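Comments concern the structure below.
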């Protein structure tokens, strides 16, 4: 979480886009005054950061080997040589780039593709994925770049195209709007081995204290900051709830 | 005379907190006057990476209810200029899980639990207080009478001084050998009535203030941001409101006042002590700056010692300090 340099009270939870020796990069969508200010920082600016908090996507080595805890609701074979679909809606692509860089750092090449969706070509900044070794498949709602449709449509198309045998060893990692991830879960969970989603919420403390960022889950109303932000999709989307999401 | 005493020469409290300006609230002693505010420090260990629980004079827990509560719908938070609106709805593990799991953990870590409780009925307060009394590790109890985010037992009920008195008495009767503090809502015309109610009910201290009621509207959706419409404002934005309430209460009752609301550094803590606070609570600021506790302690220590004083209580302004405010001042008639 990044401390804001000016008068904003709360830190902002941001996933890491990339990191190297002494630096980290973040993708900050300018939606309000605080995020606009963060987005306006020059590269190289020092920002006070609390350590990575909560649970991220599974580690690259485990993903590449399909070495994941079996799902409570297994639907596929154990993914021995998994195919990884990294599905990012807009700025949600940031942590997927991070995962891709980790996969690329492994000795053996991983079978993965990044599906990167936006409303229009302007929303899909392919340069943020420069250098990744996996396939990059853009999609736009208006068809101005890549696949014509949402990244969820594209993910469904990808799973269909490769058939049930590949689907059964497919692991989906997703980050985007709540509606996008819910749609992805509804469409694909039954057909693939695992679906992991990274949830977003306004956060205050980041350590599970304030209970401001909760999501309904199989473990009750849990803080996204400590129990997530990455969850198995069935743990958060198959739960009956009256809770609204933004 | 205030019940509160500087105890510099006295033996340090049994708990492990560093002794610095120790204070007494009713039958309980605290190693220092810096507490974590309810709702901002969990059950005491969540922030252990940043603040050892022993650094705090006491940790006021997330408010505990008799039964577990799932809390309010999302969204629950909205940042405002220098403030934070919340509508959490007292999500908590419930009394029995707290006593079984959370309380022993904090005690084992050397923390001093100041257990915040809320209930919908007098019987429920009685029952909760009786259960807490069975646990000698519970140093103190804070009765949360000012939460704007629940139906029963929220701040609307607390707006009656007699209700405050009854609830306070029910809890204190069960906990004669512990400190019982009553946290008051600022969302009333005259908070001193509530403070007097707490005092008459046997409270050992009052805590002021709870969050200030507010709301927000989601422009895009064209509806109130929070499902319950009302939410509670905290953070630096409410400090002047809290300071006035602490000032007023300190002049209306003889029991100690624990000040809370908008501390963002040593400055606010010092002003609370000048207004008459016996202890201060840090809340919302810890979310983004847990290191602030150390800054507050250092700043208060320096200020007190630079003036040749031995305890921040000596900073309390005398009865004449506000006198000129009571005299008719120059009128602001238009030219």
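Protein chains in written order, with my numbering: chain C, 995 to 1240; chain W, 46 to 380. Think of the CB as a built atom: it goes at the ideal place given N, C-alpha and C, for glycine as much as any other residue. Predicted model only: the values in this text are computed from it and were never measured.
- Residue 1091(C): member of the alpha helix (DSSP H) spanning 1087-1098, first to last residue.
- With 16 or more other Cβ atoms inside 10 Å of its own Cβ, residue 326(W) counts as buried.
- For chain W, the residues of the stretch 995-1024 of chain C that bring a beta carbon within less than 9 Å of one of its beta carbons are 995, 997, 998, 1001, 1002, 1003, 1004 and 1005, in chain order.
- Judged by DSSP in its simplified three-state form, residue 1168(C) adopts strand.
- Three or more beta-carbon pairs separated by less than 8 Å link the stretch 276-284 of chain W to the stretch 320-334 of chain W, which places the two stretches in contact.
- Assigned with DSSP and collapsed to three states, residue 88(W) falls in coil, not helix or strand.
- Distance check between residue 138(W) and each of 1202(C), 1230(C) and 1053(C) places 1202(C) closest, using alpha-carbon atoms only.
- Each residue's CA atom was taken as its position, placing residue 255(W) and residue 228(W) some 7 Å apart.
- Taking CB atoms only, residue 1173(C) has no neighbour in chain W less than 8 Å away.
- The C-beta distance from residue 1029(C) to residue 1058(C) rounds to 33 Å, too long to meet the 8 Å contact threshold.
- For residue 1013(C), the pairing in a beta bridge is given by DSSP as 1018(C).
- When beta bridges are read from the DSSP output, residue 364(W) appears opposite no residue.
- Of the residues 97(W), 213(W) and 153(W), the one whose Cα lies closest to the Cα of residue 162(W) is 213(W).
- When 208(W), 293(W) and 262(W) are compared, the shortest CA-CA separation from residue 236(W) is found for 293(W).
- According to the DSSP assignment, residue 228(W) belongs to the beta strand (DSSP E) that extends over 224-229.
- In the same chain as residue 319(W), and ignoring 5 residues on each side of it, the C-beta atoms closer than 7 Å to its own belong to 360, 361 and 362, in chain order.
- Within 10 angstroms of the beta-carbon of residue 1026(C) lie fewer than 16 other beta-carbons, which makes it exposed.
- Shown here for residue 220(W): same chain residues with a beta carbon closer than 7 Å to its own, the five before and five after excluded, namely 174, 177, 178 and 186 in chain order.
- For the stretch 75-163 of chain W, the full-length alpha helix (DSSP H) segments reaching 4 residues or more read 148-153 along the chain.
- A Cβ-Cβ separation of about 6 Å places residue 80(W) in contact with residue 105(W) under the 8 Å criterion.
- Think of a sphere of 8 Å around the beta carbon of residue 124(W): the chain C residues whose beta carbon falls inside it are 1002, 1003, 1004, 1028 and 1196, in chain order.
- Contact with chain W is absent for residue 1086(C), since none of that chain's Cβ atoms lies less than 8 Å from the residue's Cβ.
- Out of 347(W), 158(W) and 338(W), the CA that lies nearest to the CA of residue 100(W) is found in 338(W).
- Along the stretch 1173-1208 of chain C, the alpha helix (DSSP H) does not occur as any fully enclosed run of 4 or more residues.
- For chain C, none of the residues of the stretch 244-260 of chain W brings a beta carbon within less than 7 Å of one of its beta carbons.
- Not a single CB atom of chain W sits nearer than 8 Å to the CB of residue 1160(C).
- In the DSSP assignment, residue 343(W) falls within the alpha helix (DSSP H) that extends over 337-351.
- Here DSSP, grouped into helix, strand and coil, assigns residue 1008(C) to coil.
- The C-beta distance from residue 1216(C) to residue 1208(C) rounds to 6 Å, short enough to meet the 8 Å contact threshold.
- Listed by position along chain C, the residues whose Cβ is nearer than 7 Å to that of residue 333(W) are 997, 1003, 1004 and 1005.
- Neighbours of residue 329(W) in chain C, taken as residues whose beta carbon is under 8 Å from its own, are 1003 and 1198 in chain order.
- Taking a beta-carbon distance threshold of 8 Å, residue 1137(C) does not count as an interface residue toward chain W.
- Counting only runs of 4 or more residues that sit fully inside the stretch 1133-1169 of chain C, the alpha helix (DSSP H) segments are 1145-1161, in chain order.
- Within the stretch 253-326 of chain W, the runs of beta strand (DSSP E) at least 3 residues long that lie entirely inside it are, in chain order, 257-259, 276-279 and 302-305.
- Listed as beta-bridge partners of residue 1215(C) by DSSP are 1210(C).
- Distance check between residue 87(W) and each of 158(W), 123(W), 353(W) and 68(W) places 158(W) closest, using alpha-carbon atoms only.
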